[in-house]
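Student:
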Amino acid sequence: MNVVGLSAFYHESACCLLQDGRVVAAAEEERFTRVKHDPRLPVQAFRFCLQAGGIGIDEIDVLAYYEQPVEKLSRQLWAHAAPSASPERPADGLAWLDPGHPERAIREGLGYEGPIRFYDHHASHAASAFFFSGFPAAAVLTVDGVGEWATTTYGAGRGAALERFEEVEFPHSLGLLYSTVTSYLGFAVNDGEYKVMG
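The opening position of the sequence shown corresponds to residue 76 in this note's numbering, with each subsequent residue numbered one higher.
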């Protein structure tokens, strides 16, 4: 089975190819464009992954997108209505108002006509960490700025299953607090956080 994983339209857009559950290729778009933190559709990374896997676009069984645009939109609308609640500001004009944008961009920009599945942002983090960890069972913790609504999740992985026990929801976010401190210290958000760590 050929599964393509894709993230785009925020920062560090990337693509990966799994063949029968094994990672065959993975790349960030900036590797090809030389644009640091390139958020655009990862067209070149997509081509690289297909070439590395020796497959054509018609051989992809499913394309997995790293978040659920409709759920994300509900949070963005809330944050837009209460701007003091979030330092997050969409960078691409009003495109964020259209939850169909990612699917259209994928179909038009990549020429992909097969099935697309949209997965929960933090479930995507948890899956990439647990399923490739080599552990048969483990506690799983995800912490970042924000996904659709969740900012922190914890649960467990066992075999081929992930279970989420609890989550912390936006606007409560250690990741956004860290980004706010990063900005306050004069560094760019989604770029300078590592400098704050020292």
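Glycine is no exception: its CB is placed at the ideal position from the N, C-alpha and C atoms.
Assuming the contact rule is C-beta atoms closer than 8 Å, Glu104 and Pro117 should be a hit. Round their C-beta distance to whole Å, please.
Tutor: Their Cβ separation, rounded to whole angstroms, is 4 Å, which keeps Glu104 and Pro117 in contact under 8 Å.
Student: What's the gap between the Cα of Glu244 and the Cα of Thr227?
Tutor: 7 Å
Student: Contact between the region 228-241 and the region 195-215 is defined here as three or more beta-carbon pairs at a separation below 8 Å; is this criterion met?
Tutor: yes
Student: State yes or no: is the C-beta of Tyr141 within less than 8 Å of the C-beta of His197?
Tutor: no
Student: If we count Cβ pairs, one from each stretch, closer than 8 Å, do we get three or more for the region 242-257 versus the region 88-99?
Tutor: no
Student: Which whole-angstrom value is the C-beta distance of Gln119 and Phe107, which I expect to be below 8 Å?
Tutor: 4 Å
Student: Starting from the N-terminal side, write out each stretch of the alpha helix (DSSP H) that is 4 residues or longer and does not extend beyond the region 178-230.
Tutor: 196-205
Student: I'd like to confirm the pairing. Which residues does DSSP put opposite Leu93 in its beta bridges?
Tutor: Val78 and Val98
Student: Whole angstroms are fine: how far does the CA of Gly222 sit from the CA of Ala156?
Tutor: 18 Å
Student: Can you tell me whether Phe245 is helix, strand or coil according to DSSP?
Tutor: coil
Student: Mapping the DSSP letters down to three states, classify Leu138 as helix, strand or coil.
Tutor: strand
Student: Between Val78, Gly80 and His86, which lies nearest to Gly220 when the distance is taken from Cα to Cα?
Tutor: For the options Val78, Gly80 and His86, the alpha carbon positioned closest to that of Gly220 is the one of His86.
Student: Inspect the beta-carbon positions of Gly189 and Leu237 and report whether they are closer than 8 Å.
Tutor: no
Student: Should Val78 and Asp173 be called a contact, given that it needs their Cβ atoms to be closer than 8 Å?
Tutor: no
Student: Give me the residue from Met76, His176 and Pro114 with the minimum Cα distance to Phe84.
Tutor: Pro114
Student: By the 10 Å Cβ neighbour count, where 16 or more other Cβ atoms means buried, how is Ser208 classified, buried or exposed?
Tutor: exposed
Student: Could you give the distance in angstroms between the alpha-carbon of Val110 and the alpha-carbon of Asn265?
Tutor: Their backbone Cα atoms lie some 14 Å apart in a straight line.
Student: Going by the CB atoms, is the gap between Ile191 and Glu183 shorter than 8 Å?
Tutor: no
Student: By Cβ distance, which residues of its chain are closer than 7 Å to Ile132, with the 5 residues on each side in sequence left out?
Tutor: Leu125, Gly186 and Tyr187
Student: Which stretch, first to last residue, makes up the alpha helix (DSSP H) that contains Glu146?
Tutor: Pro144 to Ala156
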